[in-house]
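Single-structure report; data block below.
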Amino acid sequence: MLFNNQEYFKGFLITNKYLHDIDGINLVIGSMHVKLDNDLAHFEFIGERHLILLGYAMDTHRPDDSELDILKALSRSDDHQFVTLLNRMNGRYILLCTDGDEVKIYPDATTMRPLFYHREACVLASHAKLVADVTMSYFNQNVSEHQKVKGYLDMTRFADIYKLNCNHYFDMTAHQTVRFYPSDSYSERTLSEVLEQTLRLFDNQKQWLQYKDKYMTLTAGIDSRVSMALLHDRTLPYLTYISTNSQMTDFAKHAYKFDELIVKEMVEDLALNHTFFSIHSKGAPTSYEHALYNQCESLHNADLSYQLAHSEFKGKLHIKSSLFGMAKLPMAESFYSSNEQQMIESLILKKQPEGTKYLEPEQLLQSFLERAQYNTKGFYLTDLYFQETRLANWHSNNTQETDNSVEVFILVNTREFMNLFASMPLAVRNSGQLHREWINHLWPVLNFYSVNGDFTLFESFKSFKENSSKQHLSITGSNISIQNNKIIPNFPMNQTRYTFNVANNSDERMTVLVQTAYNNPSGRGSIHLVTATKIIDYLDLNSGVTIILNPGDNFEAHIQYKKLNESLSWQRAGELTIKQTT
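Heads up, the sequence shown stops at 1048 in the working numbering, and the numbers go up one at a time, no gaps.
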């Protein structure tokens, strides 16, 4: 779609005016005019309701149903059935429907197909820039632009233009957003219940994907490993990005290098159909980068956008794994507490980017909370906040950058999946156990490869077999790696507190030495060992501390960082040696 000499990949526009000077497909629903790019798929059905779907969708319970079948089912459903079906729909879509005299617009589960709206003008569109330009050209309202907003909350770089919350619909008649999810009250489920239900849904989606022209991006991370296991297809084209950007941070360099090493190991062992895709620094012309930033709310990787558009992967369905973190804890466990609303509000103000400083902090917070209309129905506010801001704004903005080359599919992009994940106990989610169970059921060998720098299960198994006859000291913990009596937080770090337990499984009393090698004087106060009775600075642990354990005894302790730091050096600084001395 082209407007004011600016191209918009798979663009669309919804307004109460017919704009004759914009090329594209014209549709009408109620009193609203829909203009869309010729490259954007669309489906329309008129029955008891008039429905238009922009993009693509599938029913995770009925994989043989086409988009038209889904629209027919939605048309004849009552309000409860409508929301139930909507919550189980995967895809990347915008759904418009009539409800009496009203026209309502629903996004997919993470607004992965973005939809932006103006606070006052009757203008909604695929791109915030398009909303701004149409508002100024046809509604005679000035729109100010502010840089460095970075996908914050539901905001854009344009004042009074917002991303539609993924759990809201937009009422075109009343010109307001209305929350419709969570649609049911919270009900806790066991790991086995969630596992059983999700495996069935994955099987249906695998059936739907069978005849799609697709590829999957593969990394060394556990989320990517899960997608790989769910599809379990060696012939599927796998793609791993490698960056040649010399300006990368140490963290990024480590991540890319680790990905390359582990992925190579899996590719060779499993005979995968795999390609390393090199993202060349400055591979995109300056004019392309400028045009991309003008139309999108992010400039995550212009080089990747440009190269994909000129590659053999253009036109394919890209299977990503970005949303699986919701099955774990997407934010630190401390945010899931009795005062989580205060913590979220504090985080909102703390993270306020430069581009939004035209708003006073309290004004920004109040206006956001009014738009969010939080009604948790027993669910954790933290989960809703993360889904509705980080995933539905920042992530979907990044996804839009490749709309000129590929379409995106994520196996868990439904509200039903979000509901199932959020219904598990926090301890189960924090352990990451569901990810391992998925893999164990569908492609067990993938559990034997290292994830994020921890030791492989195969190595751990061998070590256990070699030492089981003489090992009486047991060390366990979550989000830490354990080998040869050393423990270290997993990398990358996403929390400040790491808990471990040391147990004496022998029949004799034992002496245990806990020791650290960290000796940087300037780091005093940065890392502590916390036990039930003591808080010990890491610098005071160079010579070690002795603990006496009687048979059957155990003690719990924590590695406590003063603040979250994602550098590899701080991860290594947290290493502890725990060994039996007698």
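Beta carbons: idealized from backbone N, C-alpha and C, even for Gly. Model, not experiment: these values are computed from the prediction.
Residues that residue i bridges to, as DSSP identifies them
{"i": "Phe478", "result": "Leu502"}
{"i": "Pro955", "result": "Ile946"}
{"i": "Arg1038", "result": "According to DSSP, Arg1038 bridges with nothing at all."}
{"i": "Val494", "result": "His499"}
{"i": "Cys563", "result": "Leu517 and Lys570"}
{"i": "Met976", "result": "Leu1015"}
{"i": "Val660", "result": "According to DSSP, Val660 bridges with nothing at all."}
{"i": "Arg963", "result": "Gln1026"}
{"i": "Ser940", "result": "Ala969"}
{"i": "Lys843", "result": "Beta-bridge pairing links Lys843 to no other residue."}
{"i": "Met555", "result": "Asp525"}
{"i": "His994", "result": "Asp1003 and Gln1026"}
{"i": "Gln981", "result": "Thr1043"}
{"i": "Gln642", "result": "Asp637"}
{"i": "Phe1021", "result": "Val968"}
{"i": "Leu468", "result": "Glu473"}
{"i": "Glu654", "result": "None; Glu654 has no bridge partner."}
{"i": "His508", "result": "Leu520"}
Below-8 Å beta-carbon distance, residue i vs any chain B residue
{"i": "Asn553", "result": "No chain B appears in the structure shown, which is made up of a single protein chain."}
Proximity below 8 Å, CB of residue i to CB of residue j
{"i": "Tyr572", "j": "Tyr628", "result": "no"}
{"i": "Tyr759", "j": "Leu765", "result": "yes"}
{"i": "Leu517", "j": "Leu561", "result": "yes"}
{"i": "Pro819", "j": "Val615", "result": "yes"}
{"i": "Leu847", "j": "Gln808", "result": "no"}
{"i": "Gly1010", "j": "Ile1025", "result": "no"}
{"i": "Ile1013", "j": "Ile953", "result": "no"}
{"i": "Ser541", "j": "Phe511", "result": "yes"}
{"i": "Tyr1027", "j": "Ser988", "result": "no"}
{"i": "Asn859", "j": "Asp620", "result": "yes"}
{"i": "Lys660", "j": "Ser889", "result": "Lys is not the amino acid found at residue 660; the sequence shown has Val there. Result yes, Cβ atoms of Val660 and Ser889 sit closer than 8 Å."}
{"i": "Leu1005", "j": "Gln981", "result": "no"}
{"i": "Asn960", "j": "Ile946", "result": "no"}
{"i": "Pro827", "j": "Trp674", "result": "no"}
{"i": "Gln671", "j": "Gln472", "result": "no"}
{"i": "Leu877", "j": "Ser693", "result": "yes"}
{"i": "Ala1023", "j": "Phe966", "result": "yes"}
{"i": "Leu630", "j": "Tyr474", "result": "no"}
{"i": "Thr763", "j": "Arg623", "result": "As written in the sequence, residue 763 is Glu, which differs from the Thr given in the question. Going by C-beta atoms, Glu763 is nearer than 8 Å to Arg623."}
{"i": "Met498", "j": "Met638", "result": "yes"}
{"i": "Ala750", "j": "Asp769", "result": "yes"}
{"i": "Thr526", "j": "Arg554", "result": "yes"}
{"i": "Glu1066", "j": "Asn767", "result": "Only positions 467 to 1048 of the chain appear in the structure, and residue 1066 is not among them; the question remains open."}
{"i": "Tyr984", "j": "Glu731", "result": "no"}
{"i": "Val729", "j": "Leu697", "result": "no"}
{"i": "Leu1015", "j": "Asn970", "result": "yes"}
{"i": "Ile536", "j": "Met682", "result": "no"}
{"i": "Tyr604", "j": "Leu493", "result": "no"}
{"i": "Val874", "j": "Met578", "result": "yes"}
Whole-angstrom C-beta distance between residue j and residue i, which should lie under 8 Å
{"i": "Leu705", "j": "Thr741", "result": "5 Å"}
{"i": "Asn896", "j": "Glu836", "result": "The pair is not a contact, with the Cβ atoms about 32 Å apart (cut-off 8 Å)."}
{"i": "Asn470", "j": "Asp599", "result": "5 Å"}
{"i": "Gly687", "j": "Val917", "result": "7 Å"}
{"i": "Pro1017", "j": "Ser972", "result": "6 Å"}
{"i": "Val569", "j": "Phe646", "result": "Rounded, the Cβ-Cβ distance is 15 Å, inconsistent with contact."}
{"i": "Thr710", "j": "Ser744", "result": "6 Å"}
{"i": "Phe834", "j": "Ile814", "result": "7 Å"}
{"i": "Lys483", "j": "Gly513", "result": "So it is not a contact: roughly 27 Å between Cβ atoms."}
{"i": "Thr1047", "j": "Leu939", "result": "Rounded, the Cβ-Cβ distance is 10 Å, inconsistent with contact."}
{"i": "Leu908", "j": "Ala721", "result": "The pair is not a contact, with the Cβ atoms about 25 Å apart (cut-off 8 Å)."}
{"i": "Tyr824", "j": "His641", "result": "Rounded, the Cβ-Cβ distance is 23 Å, inconsistent with contact."}
**OP:** Output the residue ranges of the alpha helix (DSSP H) runs that lie fully inside the stretch 571-640 and measure 4 residues or longer, sorted by chain position.
**Re:** Whole alpha helix (DSSP H) segments, 4+ residues: 594-604.
Original post:
Are the stretch 586-599 and the stretch 472-483 in contact at 8 Å, needing three or more beta carbon pairs?
Top reply: Yes, since at least three Cβ pairs between the stretch 586-599 and the stretch 472-483 fall closer than 8 Å, the two stretches touch.
Original post:
For the stretch 770-841, which segments carrying the alpha helix (DSSP H) assignment without a break, of at least 4 residues, lie completely within its bounds, in sequence order?
Top reply: The DSSP assignment places complete alpha helix (DSSP H) segments of no fewer than 4 residues inside the stretch 770-841 at 806-816 and 827-838, in order along the chain.
Original post:
Counting Cβ pairs closer than 8 Å, one from the stretch 835-845 and one from the stretch 516-530, do we hit at least three?
Top reply: In this structure the stretch 835-845 does not touch the stretch 516-530; the number of beta carbon pairs closer than 8 Å is below three.
Original post:
Where are the alpha helix (DSSP H) runs, 4 residues long or more, that stay fully inside the stretch 513-544, in chain order?
Top reply: You should have 533-541.
Original post:
Which residue spans inside the stretch 679-744 form an unbroken beta strand (DSSP E) run of at least 3?
Top reply: Runs found: 680-683 and 704-709.
Original post:
Between the stretch 849-865 and the stretch 789-797, do three or more beta carbon pairs fall short of 8 Å?
Top reply: Yes, the stretch 849-865 is in contact with the stretch 789-797.
**OP:** Let me know the beta strand (DSSP E) ranges lying completely inside the stretch 865-928, each 3 residues or longer, listed in chain order.
**Re:** Segments of the beta strand (DSSP E) lying fully in the stretch 865-928: 873-876.
Original post:
Is there contact here, the stretch 878-893 with the stretch 650-660, by at least three beta-carbon pairs under 8 Å?
Top reply: The stretch 878-893 vs the stretch 650-660: in contact.
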